[in-house]
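Asker: Numbering (our numbering), first residue to last: 1104 to 1392.
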């Protein structure tokens, strides 16, 4: 165990964290309705081509569409899942009860030792995780700083039985994007990009996957090749993950990442405090202070 009692422990209080996810969709009204009704997000902003949804005024997810939106192959690099982190086990149970009462289909549920997670897909096949973290005092770290994770069965019945059935009205204030999990073409390339360029720590590895974070969080970004090994880059207009945002609480860490990008001649554009680029797999990435 690592003593974290005097340190910030929440996913978004780390030196860098995932702040936002942006999906390209075919049927905007259907997808927006799903994220509102099934996932409990609220619409914060609307435009001619899209909507931004979130919780308690905090933007988390943007959905956009266009005339060139074309469904991406399931094995294309891009999104494996967007992971919504709820404040506690009670809120995870409340969402599960809502899902059960409204026949929201699930694709899985796991106890990862550091967290308890439920999985599902939106109507266009974009993966979703909704999870709660265990207290950091319950996490186990190896001598080299990696975190111990596993994939055990989560007892959904017990979670449901414990949950209040008091009329769920949406996600509780404090719900955020805890992490984003990507499909990539090559794990060594992912390790080089997220660790060597962006400066995230490799927190654990599975066969065909690496998990990256700052602040000794279990992971802010994951990358796997389980469906997408060797696949070519995403093409413009593909549905799924258009881009996502990593926000830096530590300006020095952002400066280090930007210097590495410059050193490697990776093309970037700047708008205010945000630097945007396209990663090695054709996924848009925004780095923001």
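Glycine included, C-beta positions come from ideal geometry on N, C-alpha and C.
Considering only DSSP beta bridges, list what residue 1231 is partnered with.
Answerer: Indexing the chain shown from 1 puts residue 1231 at position 128. Answer by DSSP bridge pairing, in chain order: 1185, 1223.
Asker: Nearest-angstrom Cα distance between residue 1256 and residue 1249?
Answerer: Translated into the one-based positions of the chain shown, residue 1256 becomes position 153. Translated into the one-based positions of the chain shown, residue 1249 becomes position 146. Cα to Cα, the separation comes out at about 22 angstroms.
Asker: Taking the alpha-carbon of residue 1318 as reference, which of 1302, 1330, 1122, 1312 has the nearest alpha-carbon?
Answerer: Numbered from 1 along the chain shown, position 215 holds the residue referred to as residue 1318. Minimum Cα distance to residue 1318 is reached at 1302.
Asker: Please report the residue range of the alpha helix (DSSP H) in which residue 1137 lies.
Answerer: Residue numbering aside, residue 1137 sits at position 34 when the chain shown is read from its first letter. 1131-1140 is the span of the alpha helix (DSSP H), which, as asked, contains residue 1137.
Asker: Classify residue 1105 as helix, strand or coil using the three-state DSSP reduction.
Answerer: Position 2 of the chain shown, counting from 1, holds the residue named residue 1105. At residue 1105 the pLDDT is 38, less than 50, meaning the model places this residue with poor confidence; the figure from the coordinates comes in the next sentence. If DSSP states are grouped into helix, strand and coil, residue 1105 belongs with coil.
Asker: By a C-beta neighbour count over all protein chains shown, 10 Å radius and 16 as the cutoff for buried, is residue 1272 buried or exposed?
Answerer: The residue given as residue 1272 occupies position 169 in the chain shown. So residue 1272 counts as exposed.
Asker: Using the three-state DSSP reduction, which class does residue 1298 fall into: helix, strand or coil?
Answerer: Numbered from its first residue, the chain shown carries residue 1298 at position 195. Helix, per DSSP.
Asker: Counting pairs of Cβ atoms below 8 angstroms between the segment 1147-1165 and the segment 1299-1314, do you hit three or more?
Answerer: They do not touch, by the three-pair rule.
Asker: Where does residue 1240 fall in DSSP's three states?
Answerer: Looking up residue 1240 in the chain shown gives position 137. Helix, per DSSP.
Asker: Does residue 1370 pass the burial test, meaning 16 or more other C-beta atoms within 10 Å, or should it be called exposed?
Answerer: Here residue 1370 refers to the residue found at position 267 of the chain shown. It is exposed - the Cβ of residue 1370 has fewer than 16 other Cβ atoms within 10 Å.
Asker: Let me confirm a value: residue 1199 is counted as buried when at least 16 other C-beta atoms fall within 10 Å, else exposed. Which label applies?
Answerer: Mapped onto the chain shown, residue 1199 falls at position 96. So residue 1199 counts as buried.
Asker: So, residue 1399 versus residue 1324, is the Cβ gap smaller than 7 angstroms?
Answerer: Coverage of the chain is limited to positions 1104 through 1392, which leaves residue 1399 absent and any answer about it impossible.
Asker: What residue range is occupied by the uninterrupted beta strand (DSSP E) comprising residue 1350?
Answerer: Here residue 1350 refers to the residue found at position 247 when the chain shown is read from its first residue. From DSSP, the beta strand (DSSP E) with residue 1350 extends over 1343-1351.
Asker: Throw me the rounded Cβ distance for the residue 1300 and residue 1203 pair, which I believe falls under 8 angstroms.
Answerer: Looking up residue 1300 in the chain shown gives position 197. Looking up residue 1203 in the chain shown gives position 100. Rounded, the Cβ-Cβ distance is 43 angstroms, inconsistent with contact.
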